[in-house]
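Q: Got a structure for you, questions after.
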Amino acid sequence: EIAFHNAFGSIQNAVSLQLSAVTPNLYLLENFYDWFPQWKRDLVFNGTPVENGYVNVPNKPGIGVSVNEKLIEELRAEPTPLEVKEEPVWVVKGTWKSYGV
Numbered sequence: 025e026i027a028f029h030n031a032f033g034s035i036q037n038a039v040s041l042q043l044s045a046v047t048p049n050l051y052l053l054e055n056f057y058d059w060f061p062q063w064k065r066d067l068v069f070n071g072t073p074v075e076n077g078y079v080n081v082p083n084k085p086g087i088g089v090s091v092n093e094k095l096i097e098e099l100r101a102e103p104t105p106l107e108v109k110e111e112p113v114w115v116v117k118g119t120w121k122s123y124g125v
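Using the working numbering, read the sequence shown as starting at 25 and increasing by one per residue.
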């Protein structure tokens, strides 16, 4: 059985729902929709709220929801150089390789 981590917002939520719908050994889909700040909910036009513990899988094309591209552009951050000098705490010791991104 598998349970997908799904805590990052409305777009990931839509993708995770589609993936969950076709995963035969799905145990559950973690869902934080009720705790998403409003700007995360506004990233899609037809969100997927939890109702009585259930979520309907959207049946529109693609990921099933319409993405608010105007809002994404408004929230876009400029890229910044990333330099990781130490292994992040979540990796297995000795397996991290910095690519100097």
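Glycine included, each C-beta is placed from N, C-alpha and C at the ideal position. Source: prediction; values computed, not measured.
1) I'd like the list of long-range same chain contacts for residue 67, defined as Cβ closer than 8 Å, with 5 residues on each side in sequence excluded.
2) Could I get the ranges of all uninterrupted alpha helix (DSSP H) runs contained in the segment 45–73, with 4 residues as the minimum, in chain order?
3) Leaving out five residues on either side along the sequence, give the residues of the same chain with a beta carbon under 8 Å from the beta carbon of residue 45.
4) Name the two residues that bound the continuous beta strand (DSSP E) containing residue 26.
5) Excluding the five sequence neighbours on either side, which residues of its own chain have a C-beta within less than 7 Å of the C-beta of residue 112, listed in chain order?
6) Please report how far the alpha carbon of residue 27 lies from the alpha carbon of residue 99, in whole angstroms.
A: Here's the rundown:
1) As a position in the sequence shown, residue 67 is number 43, starting the count at 1. So the qualifying residues of the chain are 33, 34, 35, 91, 92, 95 and 96.
2) 62–65
3) Along the sequence shown, one-based indexing puts residue 45 at 21. Answer for residue 45: 81, listed in chain order.
4) Working through the sequence shown from its first residue, we reach residue 26 at position 2. 26–28 is the extent of the beta strand (DSSP E) around residue 26.
5) For the purposes of this step, residue 112 is taken as residue 88 along the sequence shown, with counting starting at 1. If we look at residue 112 and ignore the five residues flanking it on each side, its Cβ neighbours are 120.
6) Here the question's residue 27 lines up with position 3 in the sequence shown. Here the question's residue 99 lines up with position 75 in the sequence shown. Each residue's Cα considered, the two are about 30 Å apart.
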